[in-house]
Amino acid sequence: MRNRHLLIGNWKMNLGPSQAAAFALKLREGLPKTARTDVWVAPPTVSLAPVCAELAGTSIVVGAQNVHWAASGAFTGETSPVFLADLGIAFSLVGHSERRTLFGESSQQVAQRTQGALAAGLTAVVCIGETEGERSAGRTETVLEEQLSPVLESVSRDAAGRVVLAYEPVWAIGTGKVAALEEIRQAHRCIESLWARKQFTSSPVILYGGSVNPGNFAEILALPEVDGALVGGASIKVDQWLSLIAIAEESPVARG
Ligand code: PEP
Numbered sequence: 000m001r002n003r004h005l006l007i008g009n010w011k012m013n014l015g016p017s018q019a020a021a022f023a024l025k026l027r028e029g030l031p032k033t034a035r036t037d038v039w040v041a042p043p044t045v046s047l048a049p050v051c052a053e054l055a056g057t058s059i060v061v062g063a064q065n066v067h068w069a070a071s072g073a074f075t076g077e078t079s080p081v082f083l084a085d086l087g088i089a090f091s092l093v094g095h096s097e098r099r100t101l102f103g104e105s106s107q108q109v110a111q112r113t114q115g116a117l118a119a120g121l122t123a124v125v126c127i128g129e130t131e132g133e134r135s136a137g138r139t140e141t142v143l144e145e146q147l148s149p150v151l152e153s154v155s156r157d158a159a160g161r162v163v164l165a166y167e168p169v170w171a172i173g174t175g176k177v178a179a180l181e182e183i184r185q186a187h188r189c190i191e192s193l194w195a196r197k198q199f200t201s202s203p204v205i206l207y208g209g210s211v212n213p214g215n216f217a218e219i220l221a222l223p224e225v226d227g228a229l230v231g232g233a234s235i236k237v238d239q240w241l242s243l244i245a246i247a248e249e250s251p252v253a254r255g
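Letter by letter, the sequence shown follows residues 0 to 255 of numbering that gives the first Met the number 0.
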C-alpha cells in the first residue's frame, strides 16, 4: 500500500545498449513531471549502464531483471546484487514467470535471490502467479502461497519495506489476455493475507502484471487492492508507456 502509484517497465531481452540508450533519451524527453506516480524501468543487464547514464538526474529509477544471491564467486553468467548496487541500480525483479518456466527457477531460489537483493540494499520486486491450468484446477491461491511463503520466510522485518510484490498470472503475460477485475482483487487480497501473517510493520505493495495497456490500465489501477503495474510489451513502446504514466497521474491514489 503506497501513497503513490508504481509503474515498472520490464524490457525483457529487448533493447541492447545503443537502442536502450536511445529509448531512454526518448523517455527522458517525454516524461512529464509526475506528482503521484513512480516510474521504474528494468532494461537487460548489458543495457543498465547506458540507461543509468541517460536517465541520470531524472526521476526514473533503473533496475535489473534478475539477481543472484551471492556477492561474488563461481556463478558463471549470474549477476551479483553487490555489483548492481555499485552501478547505482536500485531494484531487481525476482522470480519472473519466464525465469521460473523457461529457466527452472524454484521458489526456494527466488527466495534466495530476494534475500541477496535485500542484503545488498536493493528493492526486490518479487513476481508470483499461477498458470492457466492451475487456475482452472482451482489452485490459484495455493500456488500463490507456495511461491510466496519461502520468500516471506526469508525477509526480515527491517527489509520488508524494500519488497514489492507483483501478481502476474502466467496466462496473462504477453498474451493480450488480462485477468478479470474480480480475479485481480481476489489474488491481491490473498497476497495481502499471506503478508499479514508475517506481522511486518509495513503494508504490502502489490502490482498487477499481465497484458496491461493504455486501454485497460485505468480500471485496473482504480481497484483499491492495486498499487500499480508491472508492464512488459507496452513498456518498450514510448507512446504506450507515456500514456500509462499519464493514466496513473490522472488516477487518484486511494487504498481501502
Ligand atoms: C511482464 O513481462 O512482466 C509482463 C507483464 O508482460 P506483458 O505486459 O507484455 O504481459
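Note that beta-carbon positions come from the ideal geometry of N, C-alpha and C, so glycine has one too. Being a predicted model, the structure only gives us computed values, none of them experimental.
Open item on the list: By alpha-carbon positions, which one of G209, G115, Q64 and A110 ends up nearest to E256?
Closed with: With the chain represented from 0 up to 255, any question about residue 256 goes unanswered, as that position is not in the structure.
Open item on the list: Any contact between the segment 113-125 and the segment 49-56? By contact I mean 3 or more CB pairs, one from each, below 8 Å.
Closed with: no
TODO: Decide if A23 is buried, meaning its Cβ has at least 16 other Cβ atoms within 10 Å, or exposed.
DONE: For the purposes of this step, residue 23 is identified with residue 24 of the sequence shown, where counting begins at 1. Buried.
Open item on the list: Among A179, V40, R1 and R3, whose alpha-carbon lies nearest the alpha-carbon of A20?
Closed with: For the purposes of this step, residue 20 is identified with residue 21 of the sequence shown, where counting begins at 1. Minimum Cα distance to A20 is reached at V40.
Open item on the list: At a cut-off of 6 Å, would you count G227 as near the ligand PEP, judging by its Cβ distance to the nearest heavy atom?
Closed with: To locate residue 227, count along the sequence shown from 1; it is residue 228. No, the ligand PEP has no heavy atom inside 6 Å of this Cβ.
TODO: Please determine, among R196, P223, E152 and G175, the residue with the shortest C-alpha to C-alpha distance to N215.
DONE: Along the sequence shown, read from residue 1 onward, the residue named residue 215 stands at position 216. The candidate whose alpha carbon is nearest that of N215 is G175.
TODO: Please classify I88: does DSSP put it in a helix, a strand, or coil?
DONE: Working through the sequence shown from its first residue, we reach residue 88 at position 89. Coil.
TODO: State buried or exposed for L47, treating a residue as buried only when at least 16 other CB atoms are found within 10 Å of its CB.
DONE: As a first step, residue 47 is located in the sequence shown; it is residue number 48 there, counting from the start. Its Cβ being crowded by 16 or more others within 10 Å, L47 is buried.
Open item on the list: Here's the rule: buried if 16 or more other CB atoms are within 10 angstroms of the residue's CB, otherwise exposed. What is R196?
Closed with: Working through the sequence shown from its first residue, we reach residue 196 at position 197. Exposed: under 16 other Cβ atoms inside 10 Å.
Open item on the list: Can you tell me whether P80 is buried or exposed? The criterion is at least 16 other CB atoms within 10 Å of its CB, across all chains shown.
Closed with: Here residue 80 corresponds to residue number 81 of the sequence shown, with the count starting at 1. Burial call: buried.
Task: Beta-carbon proximity check, D164 vs I183, cutoff 7 Å - done: Residue numbering aside, residue 164 sits at position 165 when the sequence shown is read from its first letter. Residue numbering aside, residue 183 sits at position 184 when the sequence shown is read from its first letter. Note on identity: in this sequence residue 164 is Leu, with Asp being the wrong assignment. No. Outside cutoff.
Open item on the list: Quick check: the Cα distance between K11 and F199, rounded to an integer number of angstroms?
Closed with: By one-based count along the sequence shown, residue 11 stands at place 12. By one-based count along the sequence shown, residue 199 stands at place 200. Their Cα atoms are separated by approximately 31 Å.
Task: Contact under 7 Å by Cβ, Q64 with L92 - done: In the sequence shown, counting from the first residue as 1, residue 64 sits at position 65. In the sequence shown, counting from the first residue as 1, residue 92 sits at position 93. Cβ atoms of Q64 and L92: closer than 7 Å.
Open item on the list: As an exercise, report each continuous beta strand (DSSP E) stretch of at least 3 residues that is fully enclosed by the segment 147-204, in chain order.
Closed with: 162-166
- [ ] Run the CB neighbour count on V225, radius 10 Å, all protein chains shown included, and call it buried at 16 or more, exposed below.
- [x] Within the sequence shown, numbered from 1, the residue matching residue 225 stands at position 226. So V225 counts as buried.
TODO: Might you give, ordered along the chain, the residues of its own chain that have their beta carbon closer than 8 Å to the beta carbon of Y67, omitting 5 neighbours on each side?
DONE: Within the sequence shown, the letter at position 68 stands for residue 67. Residue identity differs from the one stated: residue 67 is His in this sequence, not Tyr. Excluding sequence neighbours, H67 sits near F74, E77, T78, S79, P80, R112 and G115.
Task: Identity of the residues DSSP links to W39 by a beta bridge - done: In the sequence shown, residue 39 corresponds to position 40, counting from 1. Paired residues: I7 and V60.
Open item on the list: With distance defined between alpha-carbon atoms, name the residue in Y166, S135 and L83 nearest to V256.
Closed with: Nothing in the structure corresponds to residue 256, since the chain is present only between 0 and 255.
Open item on the list: Short of 6 Å in beta carbon distance, which residues of its chain neighbour Y207, apart from the five on each side in sequence? Order them along the chain.
Closed with: Position 208 of the sequence shown, counting from 1, holds the residue named residue 207. Y166, I183, I219, V225 and A228, listed in sequence order.
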